[in-house]
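In the numbering used here, the protein residues as written are 301 to 457.
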Amino acid sequence: MTVSVPKKAPGYAATRRPRLRATLAATLVCAVMAGCTGETFQKGYILPPGALEQIQIGASQDQVLIVMGTPSTVATLNGEVFYYISQRAERKVAFMQQSVIDQRVIAIYFDKNRQVTRLANYGLKDGKIFDFISRTTPTSGQEISYLAPLFKLLSAK
């Protein structure tokens, strides 16, 4: 007794290969497109490259304004302080929530004669306010009580 196996229609394999290739190509295109959807957002002040290096202790307030531009806010703590506030956030996939990558407050302190006495580049390190220039965490006092709300304001959505 002979068993007969039904044969597939002629050209079955030939029509199946292009569909498989088209499906693979579409999947590849979608995967590439999904990888390109991440976005980075810059909010607030954008620090020009090399700007902080141009500001020396003893420089005038006018020189600081020429190099850095108008500050985000100004405070008076035993002299005047210019604050330049910025935040970077990213969104990995479209329509998702942004996550904060970096927050910075650049502070330039002036004496009564409107001369630079100190520079600070504050950011968050391990959840605490940290000066990336002097590599220290400021102690409590007037300065820290002014910086904490600025970071909270930046984190608010």
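The beta-carbon is built from N, C-alpha and C at its ideal position, and this holds for glycine as well.
Everything numeric in this text was worked out from a predicted model, so none of it was measured.
Sheet register partners of residue i (DSSP bridge)
| i | result |
| --- | --- |
| residue 382 | 374, 408 |
| residue 388 | 342, 402 |
| residue 420 | 407 |
DSSP three-state assignment for residue i, whether helix, strand or coil
| i | result |
| --- | --- |
| residue 415 | strand |
| residue 320 | helix |
Spatial distance of residue i from residue j (CA atoms)
| i | j | result |
| --- | --- | --- |
| residue 392 | residue 339 | 6 Å |
| residue 389 | residue 400 | 4 Å |
| residue 361 | residue 383 | 13 Å |
| residue 386 | residue 418 | 19 Å |
| residue 357 | residue 397 | 41 Å |
| residue 327 | residue 341 | 29 Å |
| residue 394 | residue 321 | 28 Å |
| residue 346 | residue 359 | 21 Å |
| residue 403 | residue 413 | 30 Å |
| residue 371 | residue 348 | 13 Å |
| residue 350 | residue 323 | 50 Å |
| residue 424 | residue 318 | 54 Å |
| residue 343 | residue 376 | 24 Å |
| residue 363 | residue 325 | 58 Å |
Integer Cβ distance of residue i from residue j, believed to fall under 8 Å
| i | j | result |
| --- | --- | --- |
| residue 367 | residue 355 | 6 Å |
| residue 352 | residue 421 | 7 Å |
| residue 416 | residue 408 | 6 Å |
| residue 369 | residue 410 | Between residue 410 and residue 369 the Cβ distance is about 16 Å, and since that is not below 8 Å, they are no contact. |
First and last residue of the uninterrupted alpha helix (DSSP H) at residue i
| i | result |
| --- | --- |
| residue 393 | Premise fails: residue 393 is in no alpha helix (DSSP H) and is neither H nor E. |
| residue 356 | Careful: residue 356 lies outside any alpha helix (DSSP H) and carries neither H nor E. |
| residue 365 | 361 to 368 |
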